[in-house]
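Asker: At position 18 of the sequence shown the residue is numbered 17 (numbering that gives the first Met the number 0), and the sequence of numbers has no breaks. We treat Cβ as the ideally placed atom computed from N, Cα and C, and that holds for glycine.
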Amino acid sequence: MIIPWDKLSGPALEGIIEEYVSREGTDYGQSDFSLDQKKSDIKKQLERAEVQITFDPESKTCSIIPIV
Numbered sequence: 000m001i002i003p004w005d006k007l008s009g010p011a012l013e014g015i016i017e018e019y020v021s022r023e024g025t026d027y028g029q030s031d032f033s034l035d036q037k038k039s040d041i042k043k044q045l046e047r048a049e050v051q052i053t054f055d056p057e058s059k060t061c062s063i064i065p066i067v
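(1) Does the distance from the C-beta atom of Leu-34 to that of Val-20 stay below 8 angstroms?
(2) Suppose you measure from the CA of Ile-63 to the CA of Gln-51; what does that come to, to the nearest Å?
(3) Since Ile-73 is in the beta strand (DSSP E), which residue starts that stretch and which ends it?
(4) For Ile-66, count the other beta carbons within 10 Å of its own beta carbon; 16 or more makes it buried, fewer makes it exposed. Which is it?
(5) Can you tell me which residues form a DSSP beta bridge with Ile-63?
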């Protein structure tokens, strides 16, 4: 299920983004980025419609995936 990011409250959106960027195994390439940099990058990608937030009701988790 796709969750419209712009319909979420600020704290809910921040929580989803922070949980996503702090997951083990999230790939950011060779560079090290701070948590704030990662969160800012994801927010910009959402604003540019490059990624979207999805919710899996079975696992009750959100993910951020590329829009293809």
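Answerer: A quick look at the data gives this:
(1) The residue labelled residue 34 in the question sits at position 35 within the sequence shown. The residue labelled residue 20 in the question sits at position 21 within the sequence shown. Cβ atoms of Leu-34 and Val-20: closer than 8 angstroms.
(2) In the sequence shown, residue 63 corresponds to position 64, counting from 1. In the sequence shown, residue 51 corresponds to position 52, counting from 1. Straight-line Cα distance between these residues: approximately 5 angstroms.
(3) The displayed coordinates of the chain run from 0 to 67. Any statement about residue 73 would go beyond what the structure contains.
(4) For this step, residue 66 is matched to residue 67 along the sequence shown. Exposed: under 16 other Cβ atoms inside 10 Å.
(5) For the purposes of this step, residue 63 is identified with residue 64 of the sequence shown, where counting begins at 1. Beta-bridge pairing links Ile-63 to Ile-52.
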